[in-house]
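Worksheet: the structure to be examined is printed underneath.
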Amino acid sequence: MLGRALSAIEIRNLQKCSCKCNHDCFNKLSFSKIRELRKNFWTQSKSVRKLLLKQYILNSVTEGRFKMFSVCSNTKLCSKAFLAVLRINKNTLTVVTKSLEYGHHAPQLTKSRCQGTLQLISWLEEFSSYNTDRMPDSLECFLPYGTKKMDVFNQFIFETNASIGKSTFFSVWGEYFPHLKIKQESTYTFKVQSLL
Ligand SMILES: [Zn+2]
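For the sequence shown, our numbering gives the first residue as 43, with consecutive numbering after it.
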């Protein structure tokens, strides 16, 4: 995906497109700026991309019939150009927009809060990839039986020194890692007992 997103031919072709908002959005960005925006977006993990998209949506403004997305200082793109420039499909944008409208959380991410959250998401992703068992036929990942969420929080703070509170930690876990769970019983103990 990243390779295609950064393809020079694709970016050149993109610059020849046109939009309907009368602001000629496809000509607002240079070749290298488009490449940079795509790279910053597509080198992130899926959950971070979702978070970035949420921020773009929260920062967008409506101008007449068009929703304008701010992609860098002083540059706003209509949704057609925004989607094409970042190479996002329309459906993804709709789904994330709906999740903000109907979700319990439409957090106004301040810059510092956002930095910490991104760091936490990356850390949790790495942590879960090293410490979980994935059940076949399931998207859920399980941390070992007896793991305490509070210990995971302490380990995060110890390793990163991030200034993130417990409540943010747990809400990010709940929002971005609903599939990351703690094994509820010790299979080993269970087997031993059933043999007795
Ligand atoms: Zn436009």
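Ideal Cβ placement from N, Cα and C applies to all residues, glycine included. Here the structure is a predicted model, which means the values were calculated and not measured.
Counterpart residues of residue i in DSSP-defined beta bridges
i       : result
Ile-224 : Leu-185
Glu-105 : Phe-108
Cys-114 : Thr-117
Arg-91  : Per DSSP, none; premise fails for Arg-91.
Contact test: residue i Cβ vs ligand 1 heavy atom, cutoff 7 Å
i       : result
Cys-61  : yes
Ala-123 : yes
Cys-120 : yes
Cys-67  : yes
Exposed unless 16 or more other CB atoms sit within 10 angstroms - verdict on residue i
i       : result
Lys-190 : exposed
Cys-67  : buried
His-146 : Reliability fails at His-146, whose pLDDT of 47 lies under 50, so the model's placement of it is uncertain and no value is given.
Straight-line Cα distance separating residue j from residue i
i       : j       : result
Cys-120 : Thr-202 : 38 Å
Val-103 : Ile-206 : 29 Å
Gly-106 : Ile-199 : 46 Å
Gly-158 : Lys-122 : 31 Å
Lys-75  : Pro-186 : 45 Å
Arg-46  : Cys-114 : 22 Å
Glu-182 : Leu-222 : 6 Å
Glu-168 : Met-110 : 34 Å
Arg-176 : Lys-92  : 23 Å
Leu-71  : Ser-60  : 13 Å
Trp-84  : Tyr-172 : 23 Å
Ala-148 : Leu-48  : Per-residue confidence for Ala-148 stands at a pLDDT of 45, beneath the threshold of 50, marking its modelled position as unreliable; no derived number is given.
Thr-117 : Lys-132 : 20 Å
Lys-81  : Val-90  : 13 Å
Near ligand 2: residue i beta-carbon under 7 Å from a heavy atom
i       : result
Cys-114 : Of the ligands one can find in the structure shown, namely ligand 1, none is ligand 2.
Bounding residues of the alpha helix (DSSP H) (the contiguous stretch that carries residue i)
i       : result
Thr-202 : 191 to 202
Gln-57  : 50 to 57
Ile-46  : Sequence inspection shows Arg at residue 46; the Ile mentioned does not correspond to that position. Element bounds for Arg-46: 44 to 47.
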